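Below: the structure, in structure tokens.
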Ligand code: BJW
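Residue numbers (my numbering): 1418 to 1668.
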């Protein structure tokens, strides 16, 4: 473990182009539930019942109740040590952060050059498809007064501006994520590496010649593909790595 951490810290210290991909595990220590795993959201709910356009079309109010509850939980959460380290690294030239998280905790930690692949739970778009409502607008009200909320442009039903299963990512977000795979070091943190296209990014980075690494509490489908897999909590490992990367290498 120590040798792997040292190897990764040395790569991080020297990288001119660093890309960090994050998933729900990065926000777990802040109190935001992950999707999969023992306490994951999918243990209580079936994704096809809640995180698909079909589910929303069937029962917008039910889906909104789930999102409204999650917004309340997230509103009470603050960025943790993992967000803070990533935000500090994001100030380096050539560093890009790609997140699957919709909680905006990276933004609240001050992260720059951020690609939000799956959107934001704090933004809405028009479900009825009016032209003005296709651009996400911010709505941070907690609680939302009426469910489902309405589009301010046409009065139709509004939806969370997140990417559901079976939906395409916004082109700019997908482009930004793919471009970020051209890097020297690609670090995947706190993601189960199950959901595409995000799960494919580490392989693209490897194909570009990047040194690839994973930080996760457990093995994932990416563990065997990366150069270094470190098992541990992001909020512990990242501050440790940050300190090591600042130290001059031992002779
Ligand atoms: C810690 C920790 C700590 C805990 N420290 N670690 C190719 C192959 C197979 C299938 C597909 C494919 N391409 C597309 C698909 C279909 C589908 C897909 O991937 N399905 C798979 C599940 C099989 N993908 C899609 O549908 C995507 N769309 C698409 O591809 O469209 C194509 C298209 C093109 C043109 C027209 C139309 C369509 C969209 C995927 C959208 C995913 N959406 C969600 C919901 C977002 C909104 C919301 O939040 O409600 O995104 S699902 C959910 O999973 C959420 C997450 O961002 C995403 C990833 O989860 P994540 O972040 O990895 O979290 P967990 O919980 O899974 O894992 C947490 C990890 O952290 C665990 O490993 C823990 O061990 C670890 N951990 N604490 C470090 N402290």
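Think of the CB as a built atom: it goes at the ideal place given N, C-alpha and C, for glycine as much as any other residue.
Since the model is a prediction, treat every value here as computed from it, not as a measurement.
It is roughly 21 Å from the alpha-carbon of residue 1536 to the alpha-carbon of residue 1446. Here residue 1611 is exposed. Its C-beta has fewer than 16 other C-beta atoms within 10 Å.
The beta carbon of residue 1530 sits closer than 7 Å to those of 1507, 1512, 1513 and 1514, all from its chain and outside the five residues before and after it, given in chain order. DSSP places residue 1490 in the helix class (H, G or I) of the three-state scheme. Residue 1422 is not a Cβ neighbour of residue 1509, given a cutoff of 8 Å. By the Cβ test, the segment 1616-1636 is not in contact with the segment 1461-1475, since fewer than three Cβ pairs between them sit closer than 8 Å. For residue 1528 and residue 1563, the gap between their C-alpha atoms comes out near 32 Å. Relative to the Cα of residue 1439, the nearest Cα in the group 1428, 1503 and 1420 belongs to 1503. Between the alpha carbons of residue 1599 and residue 1533 lies a distance of about 18 Å. In this structure residue 1570 touches residue 1543 by the C-beta definition: roughly 7 Å separates them, less than 8 Å.
Secondary structure of residue 1463 (DSSP, three-state): coil. Close CB contacts of residue 1609 within its chain, under the 7 Å cut and outside five residues either way in sequence, are with 1440, 1453 and 1637 (chain order). Assignment of beta strand (DSSP E) within the segment 1563-1592, counting only whole runs of 3 or more residues, yields 1575-1579 in chain order.
Here the alpha carbon of residue 1586 sits roughly 18 Å from the alpha carbon of residue 1545. 1520 is the residue among 1418, 1520, 1442 and 1613 whose C-alpha sits nearest the C-alpha of residue 1578. Remark: the shortest separation between the CB of residue 1621 and any heavy atom of the ligand BJW does not fall under 7 Å.
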